Amino acid sequence: MAVVRAERKVSRQALAEAVGVHYQTIGYIERGQYNPSLDLALKVAAFFELPVEALFSLEPFGPLTQEIYGRKAQP
Numbered sequence: 001m002a003v004v005r006a007e008r009k010v011s012r013q014a015l016a017e018a019v020g021v022h023y024q025t026i027g028y029i030e031r032g033q034y035n036p037s038l039d040l041a042l043k044v045a046a047f048f049e050l051p052v053e054a055l056f057s058l059e060p061f062g063p064l065t066q067e068i069y070g071r072k073a074q075p
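Just so we're aligned, residue 1 is where the sequence shown starts under the UniProt record's numbering, counting upward by one.
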């Protein structure tokens, strides 16, 4: 979610206001410290006009370097 938000130049505050939560909640979700409710996940997905599974998953997403370049990140 953080990557999509950054790519679209949307602040945490703007996203939070659009979906009706505190901006810190967005930060907690992005850091994996909070799991959004189904309602909140659907609101975030609708805001970005993406399917919910593009933003949230039961399995952790791999590192971006692996997704983009097909290799693991260097330590």
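Backbone N, C-alpha and C define an ideal beta-carbon position, used for all residues, glycine too.
This structure is a prediction, so every number in the text was calculated from the model and none was measured.
Own chain partners of residue i with C-beta closer than 7 angstroms, once the 5 adjacent residues on each side are dropped
i	result
Glu67	Low per-residue confidence applies at Glu67: pLDDT is 49, beneath 50, and the placement is therefore not dependable enough to give any value.
Ala16	His22, Tyr23, Thr25 and Ile26
Arg5	Leu15
C-beta neighbour in chain C for residue i, strict 8 angstroms
i	result
Asn35	Included in the structure is just one protein chain, with no chain C present.
Chain-order list of residues whose beta-carbon lies under 6 angstroms from that of residue i (same chain, five-residue window excluded)
i	result
Gln13	Tyr23
Ala2	Glu30
As assigned by DSSP and simplified to three states, the class of residue i
i	result
Ala73	Here the model assigns Ala73 a pLDDT of 47, short of 50, so the residue's position is not dependable, and the following value carries that caveat. Looking at Ala73 - three-state DSSP - the assignment turns out to be coil, as it is neither helix nor strand.
Which parts of the UniProt domain "HTH cro/C1-type" (1 to 55) are runs of the alpha helix (DSSP H), unbroken and 4 residues or longer, counting only runs that do not cross its ends? Those alpha helix (DSSP H) runs which fall completely within the UniProt domain "HTH cro/C1-type" (1 to 55) and span 4+ residues are 2 to 7, 12 to 19, 23 to 30, 38 to 48 and 52 to 55.
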